[in-house]
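Engineer: Residues -10 to 612 in the numbering used here are what the sequence shown spells out, letter by letter.
Sharing a structure here in C-alpha cells format.
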Amino acid sequence: MKLKHILSALLLGAVTFTSCSDFLEETPYNKIVPGNFYTTYDGITGGVNGLYARLRKLYITEAFMNVCENETDITIWPSSQGRQPVNASTSYVRDLWNACYININQCNEVIYALNNYDITDLTEDMKKRYLAEARFIRALLYSHLVKQWGDVPLKLSPTSSVDTYANRAKEADVWNAIIEDFEYAKDNLPQSYDKATEYGRATCWAAMHELSKSLLTCKRDDPAALEIALDYAERIINSKQFELMSSTYNLWSMDYVRDNKEVIFAVCYSKDNLLNGDGNQSHMYFVADYTRYHKAMTRTLEYGRPWVRCKPTLYAYQLFYTKRSDGKDGTADERAKGCFMWEFNKCTTTAYSETMYSHLDNAVVNLSIPRTSTDPKYSSLWAFQGGANRTMVCFPWYSNPDFTTEEINKIKTEIRNLWPVWVYLPENMQVVVENTGGIESANNPYDKANPNTHWPSNVKFNDIFFYPYLRKHLDPTRPDANYEEGTRDVFVSRLADTYLLAAEAALLLGDKTKATKYANVVRERAAVNDANKPAMRITEDQLTLDFLLDERGRELIGEMHRRYDLKRFGKLTERMNDLHDRIWYFDPAYQFEEYMEKRPYPRDFLMSISNPQDFKNDERYGN
C-alpha cells in the first residue's frame, strides 16, 4: 500500500544520536536517508533509536489527547458546548493516523534491513533485540490504529514504490499481527538495560503488559486467552523488577521521573531544549485559567500555563470525592487531592483591592493588598494578604444536587471558616445554593439579621474556564511559565495499570478473590495514610466490572487510556448516554451514537488512494 502522506517517511530516514550515554539525545542534523545506511552497525542503531524518537510525535500530542482521553465519561472539551464535531476532515483524527503510519513505515524499513541486509559487526543477539524493539513499536502503533478505526491498512513491509491501492485488513487480522509482534518482542527483549545509558527502551515486561491488554481487548470472550492475559500480568507483578511508588503524589513529581520503579515503559524527552523539538506540551492541555477571576493570580510554573483543553466531568470528580459513584467516602483516597490542582496561593505582588461582605462583623469590608488596616480582628486576613494562605480553592467534591440539610450546613461552615478565600463550587451547585437561601445579590450576599441561614459571601462557581484540574502533566522545570517545550517523560505503562489488568482478567475468569486482591493493592497505595487503608479496601461483593472501570478512571485519569478502557469494557456508548447529565456542562450539539466508537477515515487518506470505496465512512461522518 502507498499513501501520499507516508511518502515523506522515506525522506525522514533514521535518527542518529550523539552518544550511547543517552540513546535519545538527537543531533540537530538528524535527517538521514535510509537504504544502504542500514547496512552498518551505526546506521541500524541510529535507525532503531529513531523509532523511539518518533514516538514523541504521538505521546502526548494534542491530537493523541483528543482521541484517547477527551470526550469520555471523565474528560471533555470545556468549550464548544463540550463537544468538538468529528468528521473525515477533523485535524486531530488525521494527525493521529499520519503519525502512526509514518512511524510504522520507518519500523518496516528497519525490520526489512535487519532481515535482509548483511550488517557489519551486528551480532545475532543484537539483531534479534533490534528486531524485537522495532516490532514492539510497530505493534504499539497498530494497536492505536485498530482501537480507533477497526479495519485499517495492514502494511508489514516498507514502501519502496508508488502504489496507491490500500488493502483494508479486517480488525481481527490486524490484532493477530499485533499479538505476533508483541510475542516476538516478549521472547527477544531483555528484562532490563543499563539505566544510565539506555533508559526508555522496551523490555520483555513492556511487551507482556501490552499483550495482556491486547488479549483483554480482542479475545475478551476466550477463557484460554484470558488465562494468558492474567499470566502475563502476574509475571510482571512477580518479577520484582517494578514496585508501586509510595504515594500517588510522588508518582507525578518531576523529582522522580527517571527514578520511578513503577514505570514499565516510557517515551523519553530530552533535557536539552535545543534538541527537544516541540517537547512534551501535555503540561498545557489540562490546565484551567486560574488567572481569570482573581487579581492576586498570575501565570506561574507551579500552576502551569492555562490552555483550557481538557476539563474533568462532574462524574470524574464524583469518582474521587464524597458522594462518590461507588457510594464510598472519598476522603480516605489520596488521589482526591493528589491528582488535582485545587488550591491556589497569591502569586503576584501587584496591589489590588476588592469588596466582600464579612461575617466577622456583618459589614462590607474592603480587602486590599498591600494591607492598609491595622485592626487585629483581621489578623488572619493579613496572613492571607502576605501570600501565606490560600487565595482561591475549588471544591469539586461538593458536586451533588441531593445533599441533605445537615450536609449543606457542614459545607456552609467549611466555606465560612475559609473567609476571605474565594471558594469555587461546581456549576451544578448553583441550584443548591439558590434553593437553600443562597447569595441574593453582589451587594447583599446574605441576610444581615440572620446570616447563618444563608450561604457565605465568599462563594463563587466554576465555569468552562476555571475548575480543579489535573496536575499529572505539569512541568515546573520549564524555563518560564509560558514556555511550551516541556521535558517530562510520558509513562505509557506502569505497574498500577498492570495490577488492574490482572484484576480485570481474574474477574472475567470468575476468580473474584484474586481480582479483589489485585484491585486492593492499587487502592491501598492510594490511601491518604496507613490508617485509611482499611477504608480503601473493597470486598469481593463490591468488585464488579463497573467498579473496576471506575477504579481505572480514578487511577489512570489523564493518562490516555479512557476511551480504550470504555471500548474494551463495552461501555463507551452506554456511559456517554446514561451519564449525560454528569458529563456535559452544557447540552452538546449532538448526542453520542454507537457509530462514533470508530473514527472516520481521514479525508486526505481517502483522496490519496485509488480505492476509497473500500474505506467508506459511516454516512453520518461524511467522506
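Here a beta-carbon is modelled for each residue, glycine too, at the ideal position from N, C-alpha and C.
All values derive from a computational prediction rather than experimental measurement.
(1) Looking only at its own chain, which residues have a Cβ that is under 6 Å from the Cβ of residue 84, when we skip the five neighbours before and after it?
(2) Flag this pair as yes or no: are the beta carbons of residue 455 and residue 277 separated by less than 8 Å?
(3) Note down, in chain order, each residue of its chain lying with its Cβ closer than 8 Å to the Cβ of residue 459, except the 5 sequence neighbours on either side.
(4) I'd like to confirm the pairing. Which residues does DSSP put opposite residue 65 in its beta bridges?
(5) Buried or exposed for residue 445, please, with buried defined as at least 16 other CB atoms from any protein chain shown within 10 angstroms of its CB.
(6) What are the start and end residues of the beta strand (DSSP E) that includes residue 482?
(7) Spatial neighbours of residue 221 within its chain, please: C-beta separation below 7 Å, excluding the five flanking residues on both sides.
(8) Let me check understanding here. Comparing Cα to Cα, which of 482, 480, 464 and 481 lies closest to residue 474?
(9) Give the DSSP bridge partners of residue 186, in chain order.
(10) Would you report the Cα separation of residue 376 and residue 397, rounded to the nearest angstrom?
(11) Residues in its own chain within less than 7 Å of residue 404 by CB, not counting five upstream and five downstream?
(12) Leaving out the 5 sequence neighbours to the left and right, which residues in its chain are closer than 7 Å to residue 470 when beta-carbon positions are compared?
(13) Select from 303, 120 and 133 the residue whose C-alpha is nearest the C-alpha of residue 176.
(14) Among 337, 519, 111 and 325, which residue has its Cα nearest to the Cα of residue 285?
(15) Let me know if residue 557 comes out buried or exposed under the rule of 16 or more other beta-carbons within 10 Å of its beta-carbon.
(16) What beta strand (DSSP E) runs, 3 residues minimum, are completely inside the region 225 to 308?
(17) In the DSSP output, what is residue 449 paired with across the bridge?
(18) Which of helix, strand or coil does DSSP assign to residue 118?
(19) Quick check on residue 77: does DSSP put it in helix, strand or coil?
(20) Along the chain, where does the alpha helix (DSSP H) containing residue 406 start, and where does it finish?
(21) Do you know offhand how far residue 389's Cα is from residue 422's?
(22) Could you work out which residue in 103, 236, 268 and 99 is closest to residue 47 when comparing CA atoms only?
(23) Going along the chain, which residues of its own chain have a beta-carbon closer than 8 Å to the beta-carbon of residue 179, five neighbours each way excluded?
(24) My understanding is that residue 37 touches residue 122, with C-beta atoms under 8 Å, so please give their C-beta distance in whole angstroms.
(25) Around the Cβ of residue 604, are there at least 16 other Cβ atoms within 10 angstroms (buried) or fewer (exposed)?
(26) Taking only the alpha-carbon atoms, compute the straight-line gap between residue 483 and residue 254 and give it to the nearest angstrom.
(27) Which value, in whole angstroms, describes the spacing of the CA atoms of residue 415 and residue 611?
(28) Based on Cα-Cα distance, which residue from 550, 527 and 181 lies nearest to residue 322?
(29) For residue 563, report the span of its alpha helix (DSSP H) as first-last.
(30) Measure the beta-carbon distance from residue 491 to residue 168 and round it to whole angstroms, keeping in mind my assumption that it falls under 8 Å.
(31) Would you tell me roughly how many angstroms separate the C-alpha atoms of residue 111 and residue 100, rounded to the nearest one?
(32) Look at the alpha carbon of residue 511 and the alpha carbon of residue 494, and state the distance between them as a whole number of angstroms.
(33) Would you report the Cα separation of residue 2 and residue 75, rounded to the nearest angstrom?
(34) Assuming residue 345 and residue 385 are in contact, meaning their beta carbons sit under 8 Å apart, how far apart are those beta carbons, in whole angstroms?
(35) I'd like the ranges of any beta strand (DSSP E) spanning at least 3 consecutive residues and lying wholly in the region 149 to 178.
(36) Considering only residues of the same chain and omitting the five flanking positions on each side of residue 174, which have a CB-CB separation below 6 Å?
Structural biologist: Short version:
(1) In the sequence shown, the residue the question calls residue 84 occupies position 95. Answer for residue 84: 52, listed in chain order.
(2) For this step, residue 455 is matched to residue 466 along the sequence shown. For this step, residue 277 is matched to residue 288 along the sequence shown. In this structure, residue 277 lies closer than 8 Å to residue 455 by Cβ.
(3) Start at 1 with the first residue of the sequence shown, and residue 459 comes out as number 470. The residues are 275, 299, 301, 328, 329, 330, 546 and 547.
(4) For this step, residue 65 is matched to residue 76 along the sequence shown. 300.
(5) Counting from one through the sequence shown, the residue named residue 445 turns up at place 456. It is buried - the Cβ of residue 445 has at least 16 other Cβ atoms within 10 Å.
(6) Residue mapping note: residue 482 aligns to position 493 of the sequence shown, counting from 1. Where residue 482 is concerned, the enclosing beta strand (DSSP E) stretches over 479 to 483.
(7) Within the sequence shown, numbered from 1, the residue matching residue 221 stands at position 232. Same-chain partners within the cutoff: 197, 200 and 201.
(8) Position 485 of the sequence shown, counted from the first residue, corresponds to residue 474. It is 464.
(9) For the purposes of this step, residue 186 is taken as the residue at position 197 of the sequence shown. For residue 186, which the question treats as bridged, DSSP gives no partner whatsoever.
(10) Within the sequence shown, numbered from 1, the residue matching residue 376 stands at position 387. Within the sequence shown, numbered from 1, the residue matching residue 397 stands at position 408. Confidence at residue 376 is low in this model, with a pLDDT of 40, below 50, so the placement of that residue should be treated as unreliable; the coordinate-derived value is given next. Between residue 376 and residue 397, the C-alpha separation is close to 29 Å.
(11) Against the sequence shown, residue 404 aligns to sequence position 415. Correct list, in chain order: 412, 445, 447 and 448.
(12) Indexing the sequence shown from 1 puts residue 470 at position 481. Counting only Cβ-Cβ distances below 7 Å, and skipping sequence neighbours, we find 288, 289, 290 and 294.
(13) As a working mapping, residue 176 is identified with position 187 in the sequence shown. Among 303, 120 and 133, the Cα nearest to that of residue 176 belongs to 120.
(14) Position 296 of the sequence shown, counted from the start, is the residue given in the question as residue 285. Answer by Cα proximity: 337.
(15) Looking up residue 557 in the sequence shown gives position 568. Residue 557 is buried by the Cβ-count criterion.
(16) 252 to 256
(17) Position 460 of the sequence shown, counted from the first residue, corresponds to residue 449. 413, per the DSSP bridge assignment.
(18) Within the sequence shown, numbered from 1, the residue matching residue 118 stands at position 129. It is helical.
(19) The sequence position of residue 77 within the sequence shown is 88, counting from 1. Three-state DSSP puts residue 77 in coil, outside helix and strand.
(20) Taking the sequence shown and counting its residues from 1, one reaches residue 406 at position 417. 394 to 406 is the extent of the alpha helix (DSSP H) around residue 406.
(21) Against the sequence shown, residue 389 aligns to sequence position 400. Against the sequence shown, residue 422 aligns to sequence position 433. Distance between the alpha carbons of residue 389 and residue 422 is about 11 Å.
(22) Along the sequence shown, read from residue 1 onward, the residue named residue 47 stands at position 58. With distances taken between Cα atoms, residue 47 lies closest to 268.
(23) Mapped onto the sequence shown, residue 179 falls at position 190. So the qualifying residues of the chain are 118, 192 and 193.
(24) Walking along the sequence shown from the start, residue 37 turns up at place 48. Walking along the sequence shown from the start, residue 122 turns up at place 133. 6 Å between Cβ atoms; contact.
(25) Taking the first residue of the sequence shown as position 1, residue 604 is located at position 615. Residue 604 should be labelled buried.
(26) Looking up residue 483 in the sequence shown gives position 494. Looking up residue 254 in the sequence shown gives position 265. In a straight line, the C-alpha of residue 483 is about 7 Å away from that of residue 254.
(27) Taking the sequence shown and counting its residues from 1, one reaches residue 415 at position 426. Taking the sequence shown and counting its residues from 1, one reaches residue 611 at position 622. For residue 415 and residue 611, the distance between alpha carbons rounds to 37 Å.
(28) Within the sequence shown, residue 322 is the residue found at index 333, counting from 1. Residue 527 is the option with its Cα nearest to residue 322.
(29) Along the sequence shown, read from residue 1 onward, the residue named residue 563 stands at position 574. Element bounds for residue 563: 561 to 567.
(30) By one-based count along the sequence shown, residue 491 stands at place 502. By one-based count along the sequence shown, residue 168 stands at place 179. Contact doesn't hold; Cβ gap of about 18 Å is too wide.
(31) Along the sequence shown, read from residue 1 onward, the residue named residue 111 stands at position 122. Along the sequence shown, read from residue 1 onward, the residue named residue 100 stands at position 111. Those two C-alpha atoms are separated by around 14 Å.
(32) Locating residue 511 in the sequence shown gives position 522, counting from the first residue. Locating residue 494 in the sequence shown gives position 505, counting from the first residue. In a straight line, the C-alpha of residue 511 is about 15 Å away from that of residue 494.
(33) Position 13 of the sequence shown, counted from the start, is the residue given in the question as residue 2. Position 86 of the sequence shown, counted from the start, is the residue given in the question as residue 75. In this prediction, residue 2 scores a pLDDT of 32, lower than 50, which makes its location untrustworthy; no coordinate-derived value is stated.
(34) For the purposes of this step, residue 345 is identified with residue 356 of the sequence shown, where counting begins at 1. For the purposes of this step, residue 385 is identified with residue 396 of the sequence shown, where counting begins at 1. In fact, because the Cβ distance is near 23 Å, the residues do not count as touching under 8 Å.
(35) none
(36) Within the sequence shown, residue 174 is the residue found at index 185, counting from 1. The answer, listed in chain order, is 121, 124, 125 and 196.
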